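K.L.:
What follows is a single structure, and I will ask about it in a moment.
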Amino acid sequence: MKTLLTYLMFLFGTAVFAQPIPLLEQVATGFDSPVVITNAGDGRIFIAEQGGLIKFIEDGNPAVTFLNISGLISSGGERGLLGLVFHPDYATNGYFYVNYTNTSGATVISRFNVSDTDENTADPDSEIIMLTVSQPFSNHNGGCLQFGPDGYLYIAMGDGGSGGDPNNYAQTLTSYLGKLLRIDVLDDGTYAIPNDNPYAGTANVEEIWAFGLRNPWKFSFDSATGDLWIADVGQNNIEEINKVDGTLPGLNYGWRCYEGDTEYDMSQCGGITGTTMPYAQYTHSETGGCSVTGGYVYRGAMYPGMQGLYFFTDFCSNVVSSIDTEGVMAEVETVNGSNFTTFGEDADGELYITGMSGNIYKIIDVNLGIDDYSSTAFSIYPNPATDYLTIEINTQSSGFAQAYVYDMGGKQLISKKLENTTVNTLDIAGLSSGLYVLALTDENGYKHNYKLSVK
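In our numbering, the protein residues as written are 576 to 1030.
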């Protein structure tokens, strides 16, 4: 006989608030060096593999290959397919963009189209190359692509590689290396320069939005505030995370003059002022880290307690961490051997993470948070005689109209309209042992979530 436990049994006039307890729940496996997780505005979750394959998963089904560009790329080390993003109007135009190193080792930014006849397949012959940047070394290629809230495409470029930025590219405004670029993509596959780019009208630097970056492997925009978060991989000791107003042009993040907030090589930094210092940083010696992987600020609806937390990780330490609105870091979970490479969002703003292990995890909050029911009297308990979850609701004050049960991946398993009686029951006989979410919808349509453990 199953029993069902809840982390809340009775609430009679006391507000209860719970801290988020984020954990990682594996949702897929079998990927080869995944470096991007993203979405196309629908139910699919797309995964780009460094070797040149773009795949997607949906509703727990096996992965489907969307595009194979393995013949276009150079591979090994930090080269390969490194970036993928779908156009904000993908549902209408079918455009998506990739960032890869070609067979000569140069960075290529290009556009592909979805097939005219099959929405689950891209047209491999549709590529239009938009931008090519020579790379002096094989490492520090950047790779991340994101559309900003302004609709422009942002492109992360590393400093060109080797170590210590020997040619000082990051501080040189005649080079694209060590920069964040910003362009206005056009329907014909070309691009224009936004008028408010800081160097618009100046030859060879018009695309530059920000500079002084070493290897901004991952960056993102907060979908609620527009803030720009850039995680910049350090040299010998310090990994840094930058948070700025995403509308501020021309910021200098300091490399190679500074590693984090510490002087690194000041030999060509005379006259450089106003550098943007990290919002947060950590050292290799303190954490066992070596290469920061930036993530996203959580803005999904499933886990209210995680709202506003920025998630990041490190390739070497295998530790997933968060930063709250006060800049305080907290460890979320460690998964040894994962060598985490990227975070991603689905169309609903739920967060995922993956690494070289090939496993895809969803970030969940096992403590979903308890709402203030100061005027509500109800109880939730297992009926010992049956496989039923019994919900007793005081219909004079509760206002609850609907009950749902979800799995921890957000898939709806049970839905029941609550009758205007004292006792309503949900049949859970079909649920296997594990964690679930009970959502009670009030008269305004707001869902109050509870963690359920079926044993």
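Don't be surprised by glycine CBs; every beta carbon is placed ideally from N, CA and C. Just so it is clear, the structure is predicted and the values come from calculations on it, not from any experiment.
Is it true that the segment 901-909 meets the segment 836-844, where meeting means three or more beta-carbon pairs spaced less than 8 Å apart?
P.N.:
no
K.L.:
Compare the Cα-Cα distances from GLU901 to each of ALA806, LEU803, THR888, LEU884 and report the closest residue.
P.N.:
Position 326 of the sequence shown, counted from the start, is the residue given in the question as residue 901. The shortest C-alpha separation from GLU901 is found at LEU884.
K.L.:
Put LEU988 into one of helix, strand or coil per three-state DSSP.
P.N.:
The residue labelled residue 988 in the question sits at position 413 within the sequence shown. Strand.
K.L.:
When burial is assigned at 16 or more other CB atoms within 10 Å of the CB, is GLN601 buried or exposed?
P.N.:
Within the sequence shown, residue 601 is the residue found at index 26, counting from 1. With fewer than 16 other Cβ atoms within 10 Å, it is exposed.
K.L.:
Which of the three DSSP states, helix, strand or coil, is assigned to THR822?
P.N.:
One-based indexing of the sequence shown puts residue 822 at position 247. Of the three classes helix, strand and coil, the one that applies to THR822 here is coil, per DSSP.
K.L.:
Which residues bound the alpha helix (DSSP H) around GLU861?
P.N.:
Residue mapping note: residue 861 aligns to position 286 of the sequence shown, counting from 1. Note, GLU861: alpha helix (DSSP H), 859-862.
K.L.:
Which first and last residues belong to the beta strand (DSSP E) in which THR640 is found?
P.N.:
Residue numbering aside, residue 640 sits at position 65 when the sequence shown is read from its first letter. Note, THR640: beta strand (DSSP E), 639-643.
K.L.:
From the DSSP output, read off the bridge partner residues of GLU834.
P.N.:
Taking the sequence shown and counting its residues from 1, the one referred to as residue 834 is at position 259. Partner(s): THR837.
K.L.:
Which residues does DSSP list as the beta-bridge partners of VAL895?
P.N.:
Locating residue 895 in the sequence shown gives position 320, counting from the first residue. THR888, GLU908, per the DSSP bridge assignment.
K.L.:
So, is ASN770 buried or exposed, given that buried needs 16 or more other C-beta atoms within 10 angstroms?
P.N.:
As a first step, residue 770 is located in the sequence shown; it is residue number 195 there, counting from the start. It is exposed - the Cβ of ASN770 has fewer than 16 other Cβ atoms within 10 Å.
K.L.:
For GLY880 and ASP899, what's the separation of their Cα atoms in angstroms?
P.N.:
Here residue 880 refers to the residue found at position 305 of the sequence shown. Here residue 899 refers to the residue found at position 324 of the sequence shown. Near 11 Å, if we compare the C-alpha coordinates of ASP899 and GLY880.
K.L.:
Measure the C-alpha to C-alpha separation of LEU599 and ASP921 and round it to an integer number of angstroms.
P.N.:
For the purposes of this step, residue 599 is taken as residue 24 along the sequence shown, with counting starting at 1. For the purposes of this step, residue 921 is taken as residue 346 along the sequence shown, with counting starting at 1. Their Cα atoms are separated by approximately 15 Å.
K.L.:
Do LEU756 and ILE783 count as a contact pair if the criterion is CB distance below 9 Å?
P.N.:
The residue you call residue 783 lines up with position 208 of the sequence shown. The residue you call residue 756 lines up with position 181 of the sequence shown. Contact flag set, yes.
K.L.:
Taking 8 Å as the limit between beta carbons, can you name the residues of its chain near ALA638, skipping five residues before and five after?
P.N.:
To locate residue 638, count along the sequence shown from 1; it is residue 63. Once the five neighbours on either side are set aside, the close Cβ partners of ALA638 are ALA603, GLY605, PHE606, ILE622, LYS630, PHE631, ILE632.
K.L.:
Quick check on the DSSP output: the alpha helix (DSSP H) that includes GLN666 runs from which residue to which?
P.N.:
Your numbering for residue 666 matches position 91 in the sequence shown. Note that residue 666 corresponds to Ala in the displayed sequence, not to Gln. 665-668 is the span of the alpha helix (DSSP H), which, as asked, contains ALA666.
K.L.:
Please state if the CB of ASN790 and the CB of GLY717 are separated by a distance shorter than 9 Å.
P.N.:
Taking the sequence shown and counting its residues from 1, one reaches residue 717 at position 142. Taking the sequence shown and counting its residues from 1, one reaches residue 790 at position 215. Contact flag set, yes.
K.L.:
From what residue to what residue does the beta strand (DSSP E) around PHE712 run?
P.N.:
As a first step, residue 712 must be located in the sequence shown, where it is residue number 137. PHE712: not part of any beta strand (DSSP E); DSSP gives it neither H nor E.
K.L.:
Please report how far the alpha carbon of THR888 lies from the alpha carbon of TYR873, in whole angstroms.
P.N.:
Translated into positions along the sequence shown, residue 888 becomes position 313. Translated into positions along the sequence shown, residue 873 becomes position 298. Distance between the alpha carbons of THR888 and TYR873 is about 14 Å.
K.L.:
Closer than 8 Å is the cut-off here; do at least three beta carbon pairs connect the segment 844-857 with the segment 810-827?
P.N.:
Taking 8 Å as the limit for Cβ pairs, the verdict is that the segment 810-827 does touch the segment 844-857.
K.L.:
Select from GLY825, GLY735, TYR744 the residue whose C-alpha is nearest the C-alpha of TYR544.
P.N.:
One cannot answer for residue 544 here, as it falls past the ends of the chain, which runs 576 to 1030.
K.L.:
Using a threshold of 9 Å, state whether the C-beta atoms of ALA799 and TYR828 are closer than that.
P.N.:
Position 224 of the sequence shown, counted from the first residue, corresponds to residue 799. Position 253 of the sequence shown, counted from the first residue, corresponds to residue 828. The answer is no: Cβ separation not under 9 Å.
K.L.:
Determine whether the beta carbon atoms of PHE687 and PHE671 lie at a separation below 9 Å.
P.N.:
One-based indexing of the sequence shown puts residue 687 at position 112. One-based indexing of the sequence shown puts residue 671 at position 96. With contacts defined as CB atoms closer than 9 Å, PHE687 and PHE671 qualify as a contacting pair.
K.L.:
Near ALA905, what residues of its chain come up, given a Cβ to Cβ distance below 6 Å and the 5 sequence neighbours on each side ignored?
P.N.:
In the sequence shown, the residue the question calls residue 905 occupies position 330. Closer than 6 Å at Cβ, skipping near neighbours: SER897.
K.L.:
Nearest to ILE525 by alpha carbon, out of LEU748, ALA731, VAL760?
P.N.:
Only positions 576 to 1030 of the chain appear in the structure, and residue 525 is not among them; the question remains open.
K.L.:
Evaluate LYS992 with the Cβ neighbour count: other Cβ atoms within 10 Å of its Cβ, from every protein chain shown; 16 or more gives buried, anything less gives exposed.
P.N.:
What you label residue 992 is simply residue 417 of the sequence shown in a count that begins at 1. Classification for LYS992: exposed.
K.L.:
If you measure between the beta carbons of GLY658 and VAL708, is that distance less than 9 Å?
P.N.:
Taking the sequence shown and counting its residues from 1, one reaches residue 658 at position 83. Taking the sequence shown and counting its residues from 1, one reaches residue 708 at position 133. No Cβ-Cβ contact shorter than 9 Å links GLY658 with VAL708.
K.L.:
Does DSSP put GLY646 in a helix, in a strand, or in coil?
P.N.:
Reading the sequence shown from its first residue, position 71 is the one you call residue 646. Three-state result, GLY646: helix.
K.L.:
Check whether the Cβ atoms of THR822 and GLY849 sit closer than 9 Å, and answer yes or no.
P.N.:
The residue given as residue 822 occupies position 247 in the sequence shown. The residue given as residue 849 occupies position 274 in the sequence shown. Result no, Cβ atoms of THR822 and GLY849 do not sit closer than 9 Å.
K.L.:
Around the C-beta of MET732, are 16 or more other C-beta atoms found within 10 angstroms, so that it is buried, or is it exposed?
P.N.:
As a first step, residue 732 must be located in the sequence shown, where it is residue number 157. Residue environment analysis places MET732 among the buried positions, since at least 16 neighbouring C-beta atoms fall within 10 angstroms of its C-beta.
K.L.:
One question on the structure: do ASP734 and ASP740 come within less than 9 Å of each other, judged by their Cβ atoms?
P.N.:
Position 159 of the sequence shown, counted from the start, is the residue given in the question as residue 734. Position 165 of the sequence shown, counted from the start, is the residue given in the question as residue 740. Taking C-beta atoms as the reference points, ASP734 and ASP740 count as a pair closer than 9 Å.
K.L.:
What are the residues that DSSP puts in a beta bridge with ASN811?
P.N.:
The residue given as residue 811 occupies position 236 in the sequence shown. DSSP output for ASN811 lists no bridge partner at all.
K.L.:
Whose CA, out of PHE722, LYS754, GLY626, PHE796, lies closest to the CA of GLY646?
P.N.:
Within the sequence shown, the letter at position 71 stands for residue 646. Of PHE722, LYS754, GLY626, PHE796, the residue nearest in Cα terms is GLY626.
K.L.:
Going along the chain, which residues of its own chain have a beta-carbon closer than 7 Å to the beta-carbon of GLY864, five neighbours each way excluded?
P.N.:
Residue mapping note: residue 864 aligns to position 289 of the sequence shown, counting from 1. Around GLY864: GLU814, TYR857, ASP889, CYS891, SER892.
K.L.:
Taking only runs of the beta strand (DSSP E) that begin and end inside the segment 714-802, which ones reach a length of at least 3 residues, in chain order?
P.N.:
720-722, 728-731, 754-760, 783-786, 793-796
K.L.:
Taking the DSSP output, what are the residues bridged to ASN674?
P.N.:
For the purposes of this step, residue 674 is taken as residue 99 along the sequence shown, with counting starting at 1. In the DSSP output, where bridge partners are listed per residue, ASN674 has GLY658, ILE684.
K.L.:
Would you give the residue range spanned by the beta strand (DSSP E) that THR707 belongs to?
P.N.:
For the purposes of this step, residue 707 is identified with residue 132 of the sequence shown, where counting begins at 1. Segment 697-708, the beta strand (DSSP E) holding THR707.
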